[in-house]
Amino acid sequence: MINFIKEQLVIRRLKKYFREYTQPDRAFLKSAKLRFVTIAEQKSDISIQAKHPRLWKYATVAIVAIFSMTSGMIVFADVNNVSATNPFYNFKRISEQIRIGLSSSTKQIELHQIFAHRRLEEVVKLEENNLEINKKDNQNNIDKPISSESKIRIDKLNKDFEDETEAGLDDVQDPKIKKEVRQKFCQDILDTIKKQPDNRRDHVADRVKIKCDEGGIDTKQEQGKQQEQKED
1 MINFIKEQLV IRRLKKYFRE YTQPDRAFLK SAKLRFVTIA EQKSDISIQA KHPRLWKYAT
61 VAIVAIFSMT SGMIVFADVN NVSATNPFYN FKRISEQIRI GLSSSTKQIE LHQIFAHRRL
121 EEVVKLEENN LEINKKDNQN NIDKPISSES KIRIDKLNKD FEDETEAGLD DVQDPKIKKE
181 VRQKFCQDIL DTIKKQPDNR RDHVADRVKI KCDEGGIDTK QEQGKQQEQK ED
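Under full-length UniProt numbering, the first residue of the sequence shown is numbered 1, with each subsequent residue one higher.
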């Protein structure tokens with residue numbers, strides 16, 4: 001029994017010596033830790049400086065390129081007044097909204113008249129295209145109705161024409177707007193409708209006359225004056 005206890009004490013002492021022998025020096029651990037942290041920070045800084053600016057450079061170039069291309073397409077579509085079937089048509093409508101937002105009150109009225117005229121031109125062009133298609137189909141003995149897509153587009157453009165006209169009518173009610181500007185807008189809209197007669201737009205013409213008369217503009221009287229000036 002005594003020998004067993006002695007053996008256990010020796011084993012315990014040996015384990016203690018072994019732990020003390022294999023455990024690193026505290027001063028060494030502290031210096032090694034500081035060195036490791038310093039090296040890690042240096043490598044981290046090098047990695048960020050090498051990649052971060054380059055990434056932003058590529059992103060900036062891409063953004064500028066996209067913006068330039070989009071701006072160019074918007075300007076092209078508006079300047080060339082592309083048709084409603086043109087792939088760039090939506091860019092033209094975006095340009096119109098931008099021009100409205102950046103213009104003065106008087107200029108906005110003029111733009112509403114121009115854009116309303118554009119909408120009617122687009123409607124007429126689509127209807128003419130449909131007639132051409134129908135003529136070809138009739139020659140080939142094909143009974144083909146107007147496509148639902150084309151009809152929806154025409155209805156949408158007619159609605160856009162009404163919206164542009166209504167927006168212009170609201171603007172001309174501003175007391176700050178000169179009478180000559182109001183008169184010109186009302187008369188131009190009525191002339192546009194007359195050039196493209198359609199029962200669907202009769203109520204728009206009536207609306208223009210009512211609104212203009214409320215604003216102190218007698219459209220009939222102004223038409224008579226213009227006719228007299230032409231005769232003179």
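For every residue, glycine included, the Cβ atom is placed at its ideal position computed from N, Cα and C.
In this text the structure is predicted, and so the values were computed from the model without any measurement.
The alpha helix (DSSP H) with residue i in it runs from where to where?
i, result
"T85", "First-last for T85: undefined, no H or E at that position."
"I189", "K179 to K195"
"N80", "That residue, N80, is in no alpha helix (DSSP H); it is neither H nor E in DSSP."
"S104", "That residue, S104, is in no alpha helix (DSSP H); it is neither H nor E in DSSP."
"N158", "S148 to V172"
Let me check understanding here. Comparing Cα to Cα, which of the options lies closest to residue i?
i, options, result
"D206", "K178, L169, K179 and D174", "L169"
"T165", "E180, A77, R153 and D191", "D191"
"L157", "R200, C212 and Q183", "R200"
"K211", "V64, D171 and D198", "D171"
"K159", "I11, L120 and S31", "L120"
"I154", "D198, R182 and K184", "D198"
"T85", "N129, L9 and K136", "N129"
"V181", "Q113, N134, R13 and Y58", "Q113"
"K184", "K107, V61 and A27", "K107"
Would you check if the distance between the CB atom of residue i and the CB atom of residue j is smaller than 8 Å?
i, j, result
"S105", "D188", "no"
"S150", "L126", "yes"
"V208", "E162", "no"
"E122", "S71", "no"
"L111", "R99", "yes"
"F88", "A77", "yes"
"Q196", "V124", "yes"
My assumption, with CB atoms under 8 Å, is that residue i sits in contact with residue j. Please give the rounded CB distance.
i, j, result
"R118", "N81", "7 Å"
"I193", "I109", "With a Cβ gap of about 17 Å, I193 and I109 do not count as contacting."
"F115", "E96", "5 Å"
Contact criterion: CB-CB distance below 8 Å. Does residue i meet it with respect to chain B?
i, result
"K156", "No chain B is present in this structure, which holds just one protein chain."
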